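Have a look at the structure below, then the notes.
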Amino acid sequence: MKINEIKIKNYKGIESLRLEFDNGFRSNVVTLVGLNESGKTTILEAINDFYKLNRFEKNLDIIPKSRKGNFNDTVEIAFVCEITKEDTDLIDEFLHEHKLKYTSLPMNIEIRVRVYYRDSKYSMHKLGGEFVGEFKVRKGKSNKTVDFSSLEAVVEDFFWFIYDNLLPPVIYYPNFSETFPRAIYVEEDLTPIEGTLKNSYFTEVLTDILDSLEKGYELQTHIVDRIGVPDQEDSLNIVLNEMGKAITNAVFRNQDSPFFSTELLVRFKDRIISGKKVIEIKIYKDPEEYFPDQRSLGFRWFFAFVLFTEFRSKRKTDYGRRLFLLDEPASNLHSRAQEQALQILVNMSENNSLIYSTHSPHMIHPKWLEGVHIVINDAIKPSDGLSSEDSPTNVRTTPYRNFVAESLDQESYFKPILDCLEYRPSRLELVPKLIVVEGKGDFYCYSYFFTKQFIGEFDFRIYPSTGSTSSHFAVSMYLGWNRDFIVLLDSDHGGTSAKEKLLRKLGLVAEPFVYTLADVCETFNSYTLEDLIKEDVHKSIEVIGIEGNMSIKTKIARSFELLYATDHEFDFSDLVIARMRKVGDWLQNKLNQMEGRIVDVQ
0 MKINEIKIKN YKGIESLRLE FDNGFRSNVV TLVGLNESGK TTILEAINDF
50 YKLNRFEKNL DIIPKSRKGN FNDTVEIAFV CEITKEDTDL IDEFLHEHKL
100 KYTSLPMNIE IRVRVYYRDS KYSMHKLGGE FVGEFKVRKG KSNKTVDFSS
150 LEAVVEDFFW FIYDNLLPPV IYYPNFSETF PRAIYVEEDL TPIEGTLKNS
200 YFTEVLTDIL DSLEKGYELQ THIVDRIGVP DQEDSLNIVL NEMGKAITNA
250 VFRNQDSPFF STELLVRFKD RIISGKKVIE IKIYKDPEEY FPDQRSLGFR
300 WFFAFVLFTE FRSKRKTDYG RRLFLLDEPA SNLHSRAQEQ ALQILVNMSE
350 NNSLIYSTHS PHMIHPKWLE GVHIVINDAI KPSDGLSSED SPTNVRTTPY
400 RNFVAESLDQ ESYFKPILDC LEYRPSRLEL VPKLIVVEGK GDFYCYSYFF
450 TKQFIGEFDF RIYPSTGSTS SHFAVSMYLG WNRDFIVLLD SDHGGTSAKE
500 KLLRKLGLVA EPFVYTLADV CETFNSYTLE DLIKEDVHKS IEVIGIEGNM
550 SIKTKIARSF ELLYATDHEF DFSDLVIARM RKVGDWLQNK LNQMEGRIVD
600 VQ
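Under numbering that gives the first Met the number 0, the residues of the sequence shown are numbered 0 to 601, in order.
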């Protein structure tokens with residue numbers, strides 16, 4: 000099943016919220032953006048608890064804090080899931096066991112757990128849900144169809160069948176930086192071993208690494224049973240060496256890794272400690288060796304992150320697309336390493352779904368803006384960023400696209416993100432050269448050409464304002480930061496008027512940075528971006544499949560958003576390619592001329 004939406008009610012500080020995956024762009028990623036204590040972790044915990052129903056009986060901490068005195072209500076967590084082709088085969092088998100045959104299936108199923116409390120004490124929990132669309136079945140050999148919802152006894156079993164068999168597995172590791180165990184106990188009987196739960200995580204990782212080798216290796220047969228057996232030592236070492244090579248390639252040989260190295264190696268060693276069989280993981284750099292917990296906090300985080308995500312996604316027993324819940328990934332890494340970690344998330348999202356929280360601007364991907372949710376805790380005082388013990392918490396989320404539309408005082412498409420994170424670059428931080436354009440439609444179009452069509456040719460990034468007249472935020476920001484940038488506007492009446500207005504507002508200091516398409520080339524006088532690509536506009540819209548009652552400008556924006564976000568290939572005409580390359584070359588030359596222009600005043 001594919002998760003389209005998650006609903007949470009009365010869980011800790013959450014009164015009611017919704018997270019959408021299916022936002023019209025089929026995103027596999029939801030990004031939770033907010034300050035510390037905003038409630039990002041609470042959302043991840045609620046989603047994880049949906050899969051751990053036994054926790055509700057023992058854990059009263061999930062009751063809203065402000066209502067703990069006398070809570071007589073329900074805590075609810077629901078997943079709205081889309082039925083896939085693979086699901087229909089299994090659903091058909093379930094119905095067959097109950098002598099039923101479906102004639103129509105709903106598009107989506109909402110599966111929900113309700114936890115009942117009385118006088119702030121746990122009473123019971125119940126699994127149920129509803130069908131979004133028609134669900135009709137036939138009984139036995141009868142031709143008469145009935146509404147499946149009317150078969151109460153079977154419906155209850157059906158939801159448990161969905162819960163146990165069809166829901167995507169959720170993987171939540173709240174902290175990748177915890178101390179690594181120096182010995183992973185690999186035998187089943189771990190009763191006397193301290194940290195049994197943590198040890199079980201690492202034994203599962205060993206199984207995942209073995210699965211990734213795709214040679215039919217099993218932990219018990221090919222490792223545990225061979226430890227301490229002299230005539231099996233060579234066979235054991237072959238498997239351990241292959242496992243070490245797999246992690247070495249993922250952690251140190253991966254170009255996206257912030258710890259890329261051609262000298263470091265990961266090796267596995269088997270030992271017997273106090274009669275227990277164990278596996279050790281060590282880092283080698285000739286002639287020295289280290290346990291992972293002897294390295295830096297940032298390294299420990301990244302090493303564990305790779306083990307628990309990249310290899311976890313190889314598990315053979317998983318059904319469907321996995322959902323990874325990541326709490327503040329890469330928060331212990333510097334900004335450049337965070338960007339590299341973000342690229343690893345991009346790679347993960349190809350075959351998995353992600354919900355991750357962050358308050359770092361370096362962990363927000365422009366491709367995923369449609370899946371960004373701003374997380375706000377009403378108990379946090381804006382003045383100090385701390386939550387008040389006396390104020391009732393209300394953790395709520397707003398989809399970023401709504402946040403922009405509702406925040407009329409926000410002057411840039413990215414500004415709410417920057418405002419929310421209170422971000423300012425350090426003096427030592429490499430801030431990219433920037434091209435400020437007229438909105439997210441222009442952003443996706445220019446970004447597609449300059450990063451996907453002309454790969455590696457240009458050294459700048461595109462930054463969208465919310466329109467031709469609202470560029471002054473980015474201009475003020477980059478002027479204040481003493482960084483190189485260009486504002487590129489259309490050369491039609493709207494663009495030239497916007498240029499004049501911007502220069503009046505900011506003064507002559509901004510004049511060397513603000514241009515229209517007519518400055519790029521006289522041929523582009525009175526051009527808009529749409530004019531640059533007009534020969535291919537209708538073809539691109541048709542190929543991408545943008546439909547609906549919307550303006551041609553909106554359709555163009557949507558088509559390029561999908562082109563940019565999905566890596567869809569499209570053959571543009573030579574004329575359009577030549578125009579866009581002319582624009583890119585002109586921008587790059589201008590930025591190159593600016594280098595060394597500004598002296599940073601202490």
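The beta-carbon is built from N, C-alpha and C at its ideal position, and this holds for glycine as well. These figures come from a predicted structure and were not determined experimentally.
Endpoints, beta strand (DSSP E) assigned at residue i
{"i": "Asp146", "result": "144-146"}
{"i": "Arg17", "result": "13-19"}
{"i": "Arg266", "result": "264-272"}
{"i": "Gly127", "result": "120-131"}
{"i": "Val112", "result": "107-117"}
{"i": "Leu99", "result": "99-103"}
{"i": "Val169", "result": "169-172"}
{"i": "Val513", "result": "513-515"}
{"i": "Glu288", "result": "287-289"}
{"i": "Arg252", "result": "No beta strand (DSSP E) holds Arg252; DSSP gives it neither H nor E."}
{"i": "Arg225", "result": "Note, Arg225: premise wrong, no beta strand (DSSP E); not H, not E."}
{"i": "Val136", "result": "135-138"}
Other residues of its chain near residue i: CB distance less than 8 Å, five sequence neighbours each side excluded
{"i": "Lys315", "result": "Asp210"}
{"i": "Thr202", "result": "Ile183, Tyr184, Val185, Leu218"}
{"i": "Tyr162", "result": "Ile110, Leu126"}
{"i": "Tyr526", "result": "Asp489, Ser490, Asp491, Leu516, Ala517"}
{"i": "Val474", "result": "Val435, Phe484, Val486, Leu501, Leu505, Ala509, Phe512, Val513"}
Opening and closing residue of the alpha helix (DSSP H) in which residue i lies
{"i": "Thr220", "result": "218-221"}
{"i": "Asn35", "result": "Per DSSP, Asn35 belongs to no alpha helix (DSSP H) and is neither H nor E."}
{"i": "Ser558", "result": "551-565"}
{"i": "Ile576", "result": "573-593"}
{"i": "His492", "result": "492-505"}
{"i": "Val154", "result": "151-160"}
Three-way DSSP call (helix, strand, coil) for residue i in this model
{"i": "Ile82", "result": "coil"}
{"i": "Lys281", "result": "strand"}
{"i": "His333", "result": "coil"}
{"i": "Val486", "result": "strand"}
{"i": "Met242", "result": "helix"}
{"i": "Tyr526", "result": "coil"}
{"i": "Phe258", "result": "coil"}
{"i": "Ile5", "result": "strand"}
{"i": "Phe310", "result": "coil"}
{"i": "Asn393", "result": "coil"}
{"i": "His372", "result": "strand"}
{"i": "Glu213", "result": "coil"}
{"i": "Phe323", "result": "strand"}
{"i": "Ile532", "result": "coil"}
{"i": "Gln339", "result": "helix"}
{"i": "Ile90", "result": "helix"}
{"i": "Thr73", "result": "strand"}
{"i": "Ser199", "result": "helix"}
{"i": "Thr316", "result": "coil"}
{"i": "Ile354", "result": "strand"}
{"i": "Val185", "result": "coil"}
{"i": "Lys64", "result": "helix"}
{"i": "Ser295", "result": "coil"}
{"i": "Pro365", "result": "helix"}
Sequence-distant residues of the same chain with beta carbon closer than 6 Å to residue i, five excluded per side
{"i": "Asp383", "result": "With a pLDDT of only 49 at Asp383, under the threshold of 50, the placement of this residue in the model should not be trusted; the figure read from the coordinates follows. Nothing listed; no residue qualifies."}
{"i": "Asn107", "result": "Val79, Glu81, Val131"}
{"i": "Val394", "result": "Gly12, Ile13, Gly38, Thr41, Asn376"}
{"i": "Leu325", "result": "Tyr355"}
{"i": "Gly297", "result": "Asn331, Leu332"}
7 Å CB neighbourhood of residue i in its chain, flanking five on each side removed
{"i": "Val136", "result": "Leu94, Leu99, Lys100, Tyr101, Thr102, Thr144, Val145, Phe147"}
{"i": "Thr83", "result": "Met0, Lys1"}
{"i": "Val238", "result": "Tyr216, His221, Ile222"}
{"i": "Asn524", "result": "Ser490, Ala517"}
{"i": "Phe160", "result": "Phe93"}
{"i": "Gln337", "result": "Ala329, Ser359, His361, Met362"}
{"i": "Val513", "result": "Val486, Lys498, Leu501, Leu502"}
Any non-hydrogen atom of the ligand HEM closer than 7 Å to residue i Cβ
{"i": "Lys135", "result": "The ligand HEM is not among the ligands present in this structure, which contains no ligands whatsoever."}
Taking 8 Å as the threshold, find out whether the segment 576-589 comes into contact with the segment 511-520 through three or more Cβ pairs.
yes
Is the segment 292-307 close to the segment 268-278, with three or more CB pairs under 8 Å?
no
If we require 4 or more residues per run, which alpha helix (DSSP H) segments fall completely within the segment 427-469?
439-446
Evaluate the contact criterion for the segment 5-17 versus the segment 38-47: three or more CB pairs, one atom per stretch, below 8 Å.
Yes: at least three Cβ pairs fall under 8 Å.
Assess contact between the segment 553-569 and the segment 438-455, defined as three or more Cβ pairs (one per stretch) separated by less than 8 Å. Is contact present?
yes
For the structure I just gave you, are there three or more beta carbon pairs, one from the segment 308-323 and one from the segment 219-233, closer than 8 Å?
no
Report yes or no: do the segment 238-251 and the segment 264-273 share at least 3 C-beta pairs separated by less than 8 Å?
yes
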